[in-house]
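So the structure is just underneath, and the comments pick up after that.
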């Protein structure tokens, strides 16, 4: 405020920026609270949790709870921690994400560049699949999985996730490819390129942003699923969320909040990692297709 | 805003004479066919099956004995069902409204050339990455009057602070709204941010030259341009509201009493724990009808618009 | 997906071929249960180890949460798929409902060989048998009308254990004066129901319980006695701490163990938590029948229902059923879990005072005809009616329904669920 000619509007612009930063920081703190509670609690010894308040920093941080959650905590009658289930989830989520993304890309490609009469109805019907409440499909799904010999197996679970992810992945790619110039496809066609060649060489290389969005979306949804996991892959094939639910309920009289929270952090790590690493591409990808204008 | 050009449908070049040509022409359909077939069976087949089940006498497992409209009469005579519908109305309106308002607000703030955008963005987005199976314990704890926020405030010396919504049947549904907004508003923010970034800077500049204030620019120009994002956000949130299940189970388990019952928890408990599968199916049919009422007009307008 | 399926079938065929060759080296049982709390899992481990000694591997399928509601979803999925687990922890009327679907194994030969008919109480056999055939191996008999009191708090109050509702309320008042939570309760429908049924039994007596809860007499469900029951529930509600909503039962027990709360109304499984905390009955805690219910037992028995899993697993399944009814196991298991043996011919020597009292009370109640099924645990009514009644009970306890509204609603809810 030294110079007299620094106008009022510049001053108020500065005030406005203070306001913007203050608002964003307050909101960020609020959004972070649950994660903060999970993390600090997992690092506190039990006495500290019971005596102190929830928001205090750990006085004597220790990773003992993490070690217990990973390799020693009891789930049902076996006390081997959650590490096995962590890998179960990985084994489920990787193929399911890859298959559903690839199928979604192909479907989106067909629905925009190789249109046929009725393509809108086909797309509309596939899109509606996104909205079916999963509870309603459990029993018939179980029957079909049984008939296919895939009951209670990771393979079956992968299949379920692929099927109910198709609507979303098709939607994402379809909207993205819709904005992709048809001239390029036409030119390639005139050059004699076939269906798959055009896909591999022309569309796929420029699909980066939407692939990221799709992978983030599918990865989080499948990783976080509980309902299908508990219904179609019990016992040793259980995914992480099911094991976590069992672990949190497996209290030995005294509830080990720190171990529960450490296990929850383990369950959260992969999706958090994906969001943080790929977060910037997420908005970019949304710009490019998923939010249609 | 992407301008949508009339999309030329790529027709097969010639009518194929040989088998190879025929195959080439049919190839796109062959690629799409398995996905479509799977959706037909696993979505529409299952919906029909659910509808059929709602007219049977199924209790613990599906039985195919005709029961007429009995399940629907039972459903609509359940006080629980009315509570669930009422809660969905409260939850849906608040959840969608607050998520959109807050998402837009944060997106606008984020769009002011903020320095730490790369740090802030994942902070607002991360709740979407976590399921309530994971964060439920923390949330329950946080909202619990004896352990969480209320207790913390007492520790800090604010003895009269009260926050007992979680255990108060009249207020519990609002704790569900809070947690739901926490989870989804960042995602809505990302959608709006993407929309804002897609707006042509020239329009805004022109308005600025005309001397329009910032508020006016947002109110008159930018927000109307975001209309499609509002619609997408509404659809995403509406279907999440109707499907919300983990959220309620993790926070309140439907309680206290039945104060936070939603149609999804109603359907689950009647189908799987109360051995009234036909009533559960009837409620599923009702939910599907609700979803259809929201989605089909949207799909119709979306797909028609593209043709213009 | 086709290739996956084919490879899966191929793998399956290979496994069948292998096992046929390698005889029974890989015998196993898959057990679906929701015993995940400390005392419960410790008790189940006894069975796991016994079976392992016989060369039967234990495939654990725990599904925690909501008193088995997630487990029931998993079970439906498995049965619908035609691939049920070997044995499933089930209660009461659920056993009948499942057996009615024709998915139960038949244990008649084993039961005849081991003489189950003679040693398992008739009231329990009603549920372990369907259509005259044995379908389940009962593990234990719990009863729900117990009150667990912290001895130190009771001594400090200078009181004797209460014997009726008035003394009970007086005791809670004393606890309140001590500055502790008078009664630890978890606000979950089944726990609300467990307390409610004890209050019904206390205020109305066994005949009223039979009339109202077992026979669903509409007048009993809405009459003056029931009004008193609901009023008493409202009164007890005022002694809860503010955090009771949604709390698991074992955490409430922990409050009493730590002396933060004075007492808990809960089934005898809560004793398992006391024992795991190295507390002794009589010196650290007092176990009494819920005030005013001495002489009656509201029972709840865990049973392993055996599902029809085909011949190759049949042998392991029978071994498991036999291991469950083994008197040695019945003692080892029930001393850990807090329940009493499902067989009446087991000596009470190894049991602590609470266990001895439980066995004595049960024998007495069985002979007097006051051994009655617990509503909250599925031994009084099928799931639909049980849940409909719990709705009313839990809504009333949480202040969503007034006593008058609850009295009107209770018979209506029952009628609607029938």
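Chains as they are written, first to last, in my numbering: chain A, 1 to 293; chain B, 1001 to 1308; chain C, 2001 to 2418.
We put the beta carbon where it would ideally sit given N, CA and C, even for glycine.
Taking the continuous alpha helix (DSSP H) assigned at residue i, which residues delimit it?
i	result
residue 1208 of chain B	1201-1209
residue 1099 of chain B	1079-1110
residue 2352 of chain C	No alpha helix (DSSP H) holds residue 2352 of chain C; DSSP gives it neither H nor E.
residue 2394 of chain C	2383-2397
residue 1025 of chain B	1019-1039
residue 2060 of chain C	Not the alpha helix (DSSP H): residue 2060 of chain C falls in the beta strand (DSSP E), residues 2057-2062.
residue 1227 of chain B	1227-1243
residue 2069 of chain C	2069-2080
residue 2270 of chain C	2270-2276
residue 119 of chain A	119-128
residue 1059 of chain B	Unbroken run through residue 1059 of chain B: none, as it is neither H nor E.
residue 281 of chain A	257-285
Run the CB neighbour count on residue i, radius 10 Å, all protein chains shown included, and call it buried at 16 or more, exposed below.
i	result
residue 208 of chain A	exposed
residue 1156 of chain B	exposed
residue 1086 of chain B	exposed
residue 2101 of chain C	exposed
residue 310 of chain A	As displayed, chain A neither begins before 1 nor continues past 293, which places residue 310 of chain A out of reach and without an answer.
residue 1254 of chain B	buried
residue 2 of chain A	Note that residue 2 of chain A scores a pLDDT of 40, beneath 50, so its modelled location is shaky; the value from the coordinates is reported in the next line. Its Cβ having fewer than 16 others within 10 Å, residue 2 of chain A is exposed.
residue 966 of chain B	In the structure displayed, chain B extends from 1001 to 1308; residue 966 of chain B sits before or after that span and is not available.
residue 2278 of chain C	exposed
residue 1020 of chain B	exposed
residue 174 of chain A	buried
residue 2343 of chain C	buried
residue 2160 of chain C	exposed
residue 1115 of chain B	exposed
residue 2106 of chain C	exposed
residue 2327 of chain C	exposed
residue 101 of chain A	buried
residue 1213 of chain B	exposed
residue 113 of chain A	buried
residue 2402 of chain C	exposed
residue 2219 of chain C	exposed
residue 14 of chain A	exposed
residue 22 of chain A	exposed
How many whole angstroms separate the CB atoms of residue i and residue j, which I take to be in contact at a CB cut-off of 8 angstroms?
i	j	result
residue 1260 of chain B	residue 1179 of chain B	11 angstroms between Cβ atoms; not a contact.
residue 2306 of chain C	residue 2321 of chain C	6 angstroms
residue 88 of chain A	residue 240 of chain A	7 angstroms
residue 2376 of chain C	residue 2197 of chain C	6 angstroms
residue 281 of chain A	residue 212 of chain A	4 angstroms
residue 73 of chain A	residue 269 of chain A	Wrong, their Cβ atoms sit about 16 angstroms apart, outside the cutoff.
residue 1121 of chain B	residue 2384 of chain C	At roughly 49 angstroms, the Cβ-Cβ gap does not stay under 8 angstroms, so residue 1121 of chain B and residue 2384 of chain C are not in contact.
Tell me, please, which residues DSSP counts as bridged to residue i.
i	result
residue 2265 of chain C	C:2147
residue 2305 of chain C	C:2088 and C:2136
residue 2187 of chain C	C:2245
residue 2129 of chain C	C:2134
residue 75 of chain A	A:78
Got a sec, what are the start and stop residues for the beta strand (DSSP E) residue i sits in?
i	result
residue 1173 of chain B	Looking at the DSSP string, residue 1173 of chain B is not in any beta strand (DSSP E); the run it does join, the alpha helix (DSSP H), is 1172-1197.
residue 87 of chain A	Element bounds for residue 87 of chain A: not the beta strand (DSSP E) but the alpha helix (DSSP H), 83-113.
residue 2328 of chain C	Per DSSP, residue 2328 of chain C belongs to no beta strand (DSSP E); it is in the alpha helix (DSSP H), 2327-2337.
residue 2250 of chain C	Taken as a continuous stretch (DSSP letters only), residue 2250 of chain C belongs to no beta strand (DSSP E), being part of the alpha helix (DSSP H) at 2249-2257.
residue 1258 of chain B	First-last for residue 1258 of chain B: undefined, no H or E at that position.
residue 2371 of chain C	2371-2373
residue 2298 of chain C	2297-2300
residue 2030 of chain C	2028-2033
residue 2286 of chain C	2285-2289
So is the beta-carbon of residue i under 6 angstroms away from any non-hydrogen atom of the ligand GDP?
i	result
residue 109 of chain A	With respect to the ligand GDP, the structure shown offers nothing to examine, as it has no ligands at all.
For a contact meaning CB atoms closer than 7 angstroms, what does residue i contact in chain E?
i	result
residue 2076 of chain C	Absent here is chain E; the protein component of the structure consists of chains A, B and C.
Ignoring anything shorter than 4 residues, give me the alpha helix (DSSP H) runs that lie fully in the region 1133-1166 of chain B, in order along the chain. Counting only unbroken stretches of 4 or more residues, the alpha helix (DSSP H) elements lying wholly within the region 1133-1166 of chain B are 1149-1155, in sequence order.
Residue ranges of each alpha helix (DSSP H) within the region 159-245 of chain A, 4 or longer: The region 159-245 of chain A contains these whole alpha helix (DSSP H) runs: 182-190, 195-198, 208-224 and 227-232.
Continuous alpha helix (DSSP H) assignments of at least 4 residues falling wholly in the region 1264-1308 of chain B: Secondary structure in the region 1264-1308 of chain B: the alpha helix (DSSP H) runs of 4 residues or longer, each lying completely within the stretch, are 1277-1305 in chain order.
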